[in-house]
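These protein sequences, in sequence, are chains Y and L.
Taking my numbering, the leading residue of the first sequence gets 1, the next gets one more, and so forth.
Taking my numbering, the leading residue of the second sequence gets 1, the next gets one more, and so forth.
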Amino acid sequence: MKINVQGDTLRVSGVKELSAANSSAFRDWVRGNIGAELKNIEIDLSEAGFIDSSGLGALVSLHRTASGRKGNLKLINPLPPVQQILELTRMHRIFEIMKA
Amino acid sequence: MTMVEGPAATSTAALELELACDIKEVRGTADKIKAFLIAQGCNSAEVADCDLALVEACNNAIEHGSGAAQNELVHIVTICRRDEIELRITDHTTGFILPDSAKLPRPESETGRGLYLIQTLMSSVDYTRGPKGNTLTLVKKRAPVLA
């Protein structure tokens, strides 16, 4: 996975999956990389083929982190299987989802 | 891990796997079952739904295991019939009460979506608790195959 900073946004890419096996580590890794000057988090999900409820939990946690800084969490280009899970759990109403 | 696979050419085929009580092992085991279902001719939607429901069920079985249950294997039986896929996950946890229809938690909750996903993705979900283990049985009806 890669992280880069654009303005006040932390952008995460190269996420292959968000599951119970890696979601806590993912959440902690992103939180550990978000500097005090950043408020928004963007997660590029264009390579993520799988997400489970633990992965959703990690996204909820990062959404809270961004909200606490008066920023937001954006999900970029989720693949259809991930988009389906976001919609099934109605999380697409909570997260901002951007498709290129 | 043990594997007993029936012939794919018959109308019913079965795969039997054992999963160590380790959350990092879940995806690898689910991938084997996914490959088995694809080999039986299940369509991509059926495979994806079973894959996620199975992962959620195995995660629950492992995360709720404590004490001696952590040394026990989770037993998974997959039966692929012409009209349905059946997944049986047997664990040795203290078990849980399966609601008729699990509700989504509050949006800000980080947990509590697993059972909802399982029940939403599967055609039927049954749970039996017993002295030799608890078995969660998931059934997914298959789309009719056009001649």
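Just so it is clear, CB atoms sit at the ideal spot from N, CA and C, and this is done for glycine as well.
- DSSP, read as helix, strand or coil, puts Q40/L in coil.
- When the five nearest sequence neighbours on each side are left out, the beta carbons in the same chain lying within less than 7 Å of the beta carbon of I94/Y are those of H63, in order along the chain.
- Contact with chain Y is found for N59/L, since one of that chain's Cβ atoms lies less than 9 Å from the residue's Cβ.
- Residue environment for F96/L: exposed (fewer than 16 other C-beta atoms within 10 angstroms of its C-beta).
- Counting only Cβ-Cβ distances below 9 Å, S109/L has contacts in chain Y at G57 and V60, in chain order.
- Listed by position along chain L, the residues whose Cβ is nearer than 9 Å to that of R69/Y form an empty set, because the closest Cβ is around 16 Å away.
- Boundaries of the beta strand (DSSP E) harbouring H75/L: V74 to C80, taken from the DSSP string.
- Here T90/L is buried, its C-beta having at least 16 other C-beta atoms within 10 Å.
- Within the region 84-99 of chain Y, contact with chain L at the beta-carbon level (separation under 9 Å) is assigned to Q84, I85, L88, T89, R90, M91, R93 and I94.
- Selection K24/L, A57/L, Q70/L and G41/L evaluated against A143/L yields G41/L as nearest (Cα-Cα).
- Using a CB distance cut-off of 9 Å, S46/Y does not count as an interface residue toward chain L.
- A straight line joining the alpha-carbon of S54/Y with that of R27/Y spans about 11 Å.
- I23/L reaches chain Y at A20 and A21, counting residues in chain order whose Cβ is nearer than 7 Å.
- Sequence-ordered contacts of the region 28-39 of chain Y with chain L are nonexistent [C-beta pairs closer than 7 Å].
- Within the same chain, Cβ atoms closer than 6 Å to the Cβ of R82/L are found at S11, the five residues on either side in sequence being excluded.
- Listed in chain order, the alpha helix (DSSP H) runs fully inside the region 75-121 of chain L are 114-121, counting runs of at least 4 residues.
- Here F50/Y carries a strand assignment [DSSP, helix/strand/coil].
- The beta carbon of L136/L lies closer than 6 Å to those of A57, I89 and Y127 in the same chain, with the five residues before and after it left out.
- In the DSSP assignment, E16/L falls within the unbroken beta strand (DSSP E) covering A13 to L19.
- Straight through space, the alpha carbons of T65/Y and A30/L are spaced by roughly 32 Å.
- K34/L counts as buried, since at least 16 other C-beta atoms from the protein chains shown sit within 10 angstroms of its C-beta.
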